[in-house]
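Comments concern the structure below.
Numbering (the working numbering), first residue to last: 68 to 153.
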């Protein structure tokens, strides 16, 4: 079995109200950063996981995300996988 680092990014889907993102955007504007058009708040998880192949790891993390880590009704997620060289 190989060990892998997985970076899982979870963000609200387009069209879903993001009050935290709006508050951050407003604060940035009040600080003079008017060039910021939109902020979307999200979560990033980093998992260390064992598996045979990158596809095996992606499948496992996709299942974890669909069942528990993300809300498939309101959130999208992206999975990035990196093999740990030991």
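We put the beta carbon where it would ideally sit given N, CA and C, even for glycine.
Distance from the CA of residue 132 to the CA of residue 138, rounded to the nearest whole angstrom, comes to 8 angstroms. With a threshold of 16 other beta carbon atoms within 10 Å, residue 78 meets it and is buried. Just measuring C-alpha positions, the residue of 102, 104 and 120 sitting nearest residue 71 is 120.
DSSP, read as helix, strand or coil, puts residue 100 in coil.
Judged by DSSP secondary structure, residue 73 falls within the beta strand (DSSP E) whose first and last residues are 69–79.
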